[in-house]
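According to our numbering, the stretch in the sequence shown is residues 10 to 292, in order.
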Amino acid sequence: MAKFVPDVKTQRWIVIAPVRSDRPDENGVAVKPACPFCQGNENLTPPEVYRIGGEGEWNKPGWKIRVVPNKFPITDIHEVIIHSPDHKKDIEDFDIDYVEMLLKVYRSRFQTHLNDGQVMIFSNHGEHAGASLSHPHSQLVVIPKQINLDALVREPVQNIIDDNNFFVTYCPDFSQWPYEVWIAPKKEGTIFSDVTDEEVKDMAVILQRALKRLGVKYREPATKKIHGALPFAYNFYIHHAKNWFIRIIPRLIHRAGFELGTGLSVNVVDPATSAKELKEIEI
Numbered sequence: 010m011a012k013f014v015p016d017v018k019t020q021r022w023i024v025i026a027p028v029r030s031d032r033p034d035e036n037g038v039a040v041k042p043a044c045p046f047c048q049g050n051e052n053l054t055p056p057e058v059y060r061i062g063g064e065g066e067w068n069k070p071g072w073k074i075r076v077v078p079n080k081f082p083i084t085d086i087h088e089v090i091i092h093s094p095d096h097k098k099d100i101e102d103f104d105i106d107y108v109e110m111l112l113k114v115y116r117s118r119f120q121t122h123l124n125d126g127q128v129m130i131f132s133n134h135g136e137h138a139g140a141s142l143s144h145p146h147s148q149l150v151v152i153p154k155q156i157n158l159d160a161l162v163r164e165p166v167q168n169i170i171d172d173n174n175f176f177v178t179y180c181p182d183f184s185q186w187p188y189e190v191w192i193a194p195k196k197e198g199t200i201f202s203d204v205t206d207e208e209v210k211d212m213a214v215i216l217q218r219a220l221k222r223l224g225v226k227y228r229e230p231a232t233k234k235i236h237g238a239l240p241f242a243y244n245f246y247i248h249h250a251k252n253w254f255i256r257i258i259p260r261l262i263h264r265a266g267f268e269l270g271t272g273l274s275v276n277v278v279d280p281a282t283s284a285k286e287l288k289e290i291e292i
């Protein structure tokens, strides 16, 4: 069971989850164990709660996207969404129809848990972003409704990079990280589970384009001066409440004593510059 502990002065909460220390970590391991997310290793995960695609039986090979409970949960409801059987390919590499299918799985699992609490979907891509297993996957957690989340709300649309019929990609002036990117629906007052099939098509395109742009930007010499030799890594999450958005955070820098001691973030790239440079990248 997760244990939620409040700070009575700030009304912030922390989660005590000792079981997380037992999760496997393939980073830095010379001889890597079998990947529990690869096809054929279904017995290494808890029994799946959802699968899509393929002709296989439940908990057997033949799936395209698979959802299982997290063996090392942060919260009492914590799922892993395994993006595909491929150990390497991720959203920026998939065919666009596949990205659309993955986003529909996100929507389905969000809808499943909508009445259980506050639902958040997030992805950690790469070791520096907190991924202990490299096989591409996302996670869904449900936080009790009485827990006050110290979460950002949708920022005004500024410094636009890309847009289509239903979504806009931009770098808010409030960006806390270099080349931080937000994707927001043009329709206001909705939650993620409200997204329609037609909107999912647009979301798949604009999300993949944003990740591809960030991958190109990461490899540029000027950006290498910021991150040094860090491998490409990013986090993204889907906001849990009304006026939802997707926030993508490239992990180009470490947070250090100043940020930890003050709560202030230092962004070494002006968001207007970030947007201009990302917009100029041809995809």
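Note that the Cβ used here is the ideal one computed from N, Cα and C, for glycine as well. Keep in mind that this is a model prediction, so the values were computed, not measured.
Fully contained in the segment 211-291 are the following beta strand (DSSP E) runs of length 3 or more, in chain order: 243-247, 255-259.
With fewer than 16 other beta carbons inside 10 angstroms of its own, S141 counts as exposed. A distance below 7 Å between beta-carbons, with the five flanking residues on each side excluded, links K113 to the following residues of its chain, in chain order: V209. Secondary structure of N52 (DSSP, three-state): helix.
The residues E101, I292, in chain order, have a CB closer than 6 Å to that of K221 in the same chain once the five nearest residues on each side in sequence are set aside. Sequence-distant partners of C180 (beyond 5 residues in either direction) whose C-beta falls short of 8 Å from its own C-beta, in its chain, are Q167, N168, I170, Y188, E189, V190, W191, P280, A281, S283, A284, L287. M10 counts as exposed, since fewer than 16 other beta carbons sit within 10 angstroms of its beta carbon. DSSP, reduced to helix, strand and coil, places E88 within a strand of the structure shown.
Spatial neighbours of F46 in its own chain (CB-CB distance under 7 Å, excluding positions within 5 residues in sequence) are listed in chain order as I91, L142, H144, H146. The way I'd put it, the segment 113-122 doesn't touch the segment 153-167; fewer than three beta-carbon pairs between them come closer than 8 Å. Distance from the CA of P27 to the CA of P82, rounded to the nearest whole angstrom, comes to 9 Å. In the DSSP assignment, Q120 falls within the alpha helix (DSSP H) that extends over 105-121.
Around the Cβ of T84, a 10 Å sphere holds 16 or more other Cβ atoms; the residue is buried. The closest CA to that of T199, considering only D211, F254, V214, is found on F254.
About 43 Å separates the CB atoms of Q20 and P94; that is not less than 8 Å, and the two are not in contact. Looking from the CA of S274, the closest CA among W186, A242, P165, M212 belongs to W186. Rounded to the nearest whole angstrom, the CA to CA distance from R256 to I105 is 20 Å. In the DSSP assignment, W191 falls within the beta strand (DSSP E) that extends over 190-194.
As a beta-bridge residue in DSSP terms, W22 pairs with P15. E164 and H134 have their C-alpha atoms some 24 Å from each other.
Annotation for Q127: the continuous beta strand (DSSP E) segment containing it runs 127-134. One alpha carbon belongs to G62, the other to I74, and they sit about 7 Å apart. Beta-bridge pairing by DSSP links H146 to I91. Where D172 is concerned, the enclosing beta strand (DSSP E) starts and stops at 169-172. Comparing alpha carbon positions, the residue from H122, N252, W67 closest to V162 is N252. Under the three-state reduction of DSSP, R29 is assigned to helix.
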